[in-house]
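Chains as they are written, first to last, in the working numbering: chain A, 7 to 361; chain B, 3 to 246. These notes are about the structure you will find just below.
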Ligand SMILES: Nc1ncnc2c1ncn2[C@@H]1O[C@H](COP(=O)(O)OP(=O)(O)OP(=O)(O)O)[C@@H](O)[C@H]1O
Ligand SMILES: [Mg+2]
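See the structure below:
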């Protein structure tokens with residue numbers, strides 16, 4: 007639905023150059039909720055603004071719903087008619103809502119329809135329908151200043167849907183909201199995604215957002231996508247920073263000559279008493295350093311950090327047993343540089359602590 | 003001079019002043035509004051970024067603004083004659099008044115329009131709006147309270163200018179203040195004129211403030227009774243909005 011290839015954005019101001027995007031290849035499939043996460047300055051906003059060409063890419067292409075937007079952009083800085091038409095079919099919601107204070111809620115939602123040249127009656131019918139959809143039918147005649155943050159964002163979402171878009175772009179739509187309101191807005195986006203088959207590309211710096219509604223996710227660092235995939239794939243990828251941040255477990259080894267192992271359970275494996283089997287079969291004492299169970303992308307996932315006595319070399323067989331059981335196993339200090347990176351990135355990425 | 007002698011003179015002078023100021027304000031708004039908006043649009047980072055146009059307009063506005071009104075009036079004489087066929091009288095005064103007020107108002111418009119949150123402009127662009135849509139649906143409506151304040155300021159300044167124009171034969175309140183008060187030592191007439199000017203200016207300022215404030219408070223003051231709105235000093239136009 008959204009594809010970018012080699013997307014590059016260089017900002018030039020007074021001789022200084024900032025490379026905000028450095029060859030980003032993004033692929034968002036139709037009907038999915040795709041989250042892009044990364045630290046401040048990673049280039050997330052630049053990416054989403056390049057998708058509807060609010061920001062003109064320095065190089066690379068953007069295709070939305072089969073239309074190559076970069077080809078429509080032309081050379082000048084002003085958007086031509088074709089590009090504007092394409093934009094009207096892409097909804098966008100903003101962190102600070104960006105509602106016109108001079109207009110009522112209903113008139114705000116009607117604005118895109120005015121731009122599309124719809125008749126007065128059609129506009130108000132559509133606007134009221136959308137306000138009903140976002141649960142604000144009774145606020146049609148209010149002004150934005152009379153609404154709470156969550157209500158304002160609902161208006162922003164209703165407005166973004168006015169042009170019947172297939173794609174919704176969201177730049178930190180919940181970052182100005184408290185956790186509870188965030189949850190209700192995310193639920194709304196999830197519902198819209200399911201009911202209308204809306205493809206959603208959202209930018210966030212909160213892992214919780216990705217965990218709650220995303221089907222796929224990408225991690226951005228310094229203008230590049232360093233990891234991406236469906237949430238399932240990511241969780242199944244050894245050493246995935248995103249997976250670790252989505253689902254961190256902690257716990258320190260109790261001494262030298264111990265092997266620390268992270269075990270991830272998906273779906274059915276979670277129900278089998280693997281740990282006690284392991285203990286009985288090999289007659290070893292296992293300490294559980296940390297464990298967590300959570301729902302990620304609507305699926306039960308469990309993660310556990312266990313400690314086996316003895317160095318890694320002595321535990322090759324029991325670890326092999328765990329792998330045979332279909333579990334995802336990562337050994338601290340082995341399996342590449344997975345473990346230290348995990349420990350480093352998790353606290354940075356996870357702002358609102360994951361329970 | 004008795005009141006019955008003064009009254010028709012004053013009445014005529016009032017009408018002359020309102021006529022001059024009214025027309026020149028209208029022309030100043032019609033000319034200054036697009037100019038002010040253009041100054042913002044052509045500025046660096048603006049929707050129609052164009053350094054040359056921006057610099058040229060900016061310079062013209064600066065020169066016109068820095069010129070004392072009396073000099074402008076004299077400098078424009080032949081232009082005024084070409085437009086109105088004369089250089090004296092109420093109609094003739096409108097030309098320099100309007101031309102003096104256009105750049106003045108344009109600068110105020112520029113400041114007001116610059117205050118509009120860029121996020122709103124971006125939102126409309128993301129909907130597929132073009133520059134004209136942005137101007138019509140965002141820049142003007144969102145800055146309307148400030149624009150009304152700017153127009154009020156312009157009117158008040160124009161009343162002052164019109165008194166100056168009056169001294170060179172344009173009629174109006176300034177004219178009779180000088181002719182009767184200064185040249186014929188009719189101090190009573192002069193003070194009455196001054197009083198009338200003060201009342202007119204206060205009334206316009208009050209009406210302008212009220213209009214601007216009630217627009218800025220759209221959606222905020224609906225529970226506040228009108229009377230309180232009149233008495234309380236202007237509250238900050240933007241109250242911090244609570245997140246839910
Ligand atoms: N208009 C601009 N002009 C110059 N540099 C810019 C501009 N916009 C962004 N940048 C720079 O590009 C880089 C990426 O910015 P961007 O806004 O995309 O980051 P972000 O990931 O959205 O960060 P945040 O989480 O803080 O919103 C930053 O270094 C920023 O300073
Ligand atoms: Mg950002």
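Glycine included, every Cβ here is placed at the ideal spot set by N, Cα and C. Predicted model, so just to flag it, every value in this text is computed and none were measured.
Local Cβ density within 10 Å of residue i, reported as buried at 16 or more and exposed below that
i: residue 144/A; result: exposed
i: residue 77/B; result: exposed
i: residue 287/A; result: exposed
i: residue 253/A; result: buried
i: residue 301/A; result: exposed
i: residue 163/A; result: buried
i: residue 120/B; result: exposed
i: residue 195/A; result: buried
i: residue 184/B; result: exposed
i: residue 260/A; result: exposed
i: residue 224/B; result: With a pLDDT of 45 at residue 224/B, under the threshold of 50, the predicted position of this residue should be treated as unreliable, though the coordinate-derived value follows. Burial call: exposed.
i: residue 61/B; result: exposed
i: residue 159/A; result: buried
Under the three-state DSSP convention, the category residue i falls into
i: residue 147/A; result: coil
i: residue 124/A; result: coil
i: residue 1/A; result: Not covered by the structure: residue 1/A. The range shown for chain A is 7 to 361.
i: residue 226/A; result: strand
i: residue 232/B; result: Residue placement at residue 232/B cannot be trusted, given a pLDDT of 43 that sits under 50; the coordinates are not used to answer.
i: residue 138/B; result: helix
i: residue 74/A; result: strand
i: residue 14/B; result: helix
i: residue 139/A; result: helix
i: residue 63/A; result: coil
i: residue 177/A; result: strand
i: residue 19/A; result: strand
i: residue 154/A; result: coil
i: residue 10/A; result: strand
i: residue 204/B; result: helix
i: residue 310/A; result: strand
i: residue 334/A; result: strand
i: residue 129/B; result: coil
i: residue 224/B; result: Bear in mind that a pLDDT of 45 at residue 224/B, under 50, signals an unreliable position, so the number given afterwards is only what the model happens to contain. DSSP places residue 224/B in coil when its eight states are reduced to three.
Residue i CB to nearest heavy atom of ligand 2 below 8 angstroms
i: residue 178/A; result: yes
i: residue 43/A; result: no
i: residue 50/A; result: yes
i: residue 231/A; result: no
i: residue 209/A; result: yes
Amino acids of chain A, ordered along the chain, whose beta-carbon sits closer than 8 angstroms to that of residue i
i: residue 143/B; result: 106, 108, 109
i: residue 220/B; result: 107, 108, 149, 151
i: residue 57/B; result: Correct list: empty, because the minimum Cβ distance to chain A is about 18 angstroms.
i: residue 210/B; result: What residue 210/B touches in chain A: nothing, since even the nearest Cβ is about 18 angstroms away.
Neighbour list for residue i in chain B, Cβ cutoff strictly below 9 angstroms
i: residue 98/A; result: 124, 125, 128, 129
i: residue 185/A; result: Those within 9 angstroms of residue 185/A in chain B number zero; the least Cβ separation is about 11 angstroms.
i: residue 91/A; result: 130
i: residue 17/A; result: Neighbours of residue 17/A on chain B: none; closest Cβ ~12 angstroms, over 9 angstroms.
i: residue 63/A; result: Under the 9 angstroms cutoff, chain B gives no residues; its nearest Cβ is about 16 angstroms from residue 63/A.
Residue i CB to nearest heavy atom of ligand 1 below 8 angstroms
i: residue 26/A; result: yes
i: residue 47/A; result: yes
i: residue 98/A; result: no
i: residue 40/A; result: no
i: residue 107/A; result: no
i: residue 19/A; result: yes
i: residue 226/A; result: yes
i: residue 53/A; result: yes
Residue i: contacting residues in chain B (beta-carbon distance under 7 angstroms)
i: residue 297/A; result: Going along chain B, no residue has its Cβ under 7 angstroms from residue 297/A, so there is no contact; the nearest lies around 35 angstroms.
i: residue 94/A; result: 129, 130
i: residue 60/A; result: 124, 127, 128
Chain A residues whose Cβ lies nearer than 7 angstroms to that of residue i
i: residue 82/B; result: Residues of chain A passing the Cβ test: none, with the nearest at roughly 39 angstroms.
i: residue 146/B; result: 108
Test item: CB-CB of residue i and residue j under 9 angstroms
i: residue 321/A; j: residue 265/A; result: yes
i: residue 24/A; j: residue 16/A; result: yes
i: residue 7/A; j: residue 58/A; result: no
i: residue 202/A; j: residue 167/A; result: yes
i: residue 83/B; j: residue 41/B; result: no
i: residue 110/A; j: residue 148/A; result: yes
i: residue 62/A; j: residue 211/A; result: no
i: residue 248/A; j: residue 34/A; result: no
i: residue 294/A; j: residue 284/A; result: no
Neighbouring residues, chain B, relative to residue i (Cβ below 8 angstroms)
i: residue 315/A; result: By Cβ distance, chain B contributes nothing, its closest Cβ being about 52 angstroms from residue 315/A, past 8 angstroms.
i: residue 169/A; result: 129, 130
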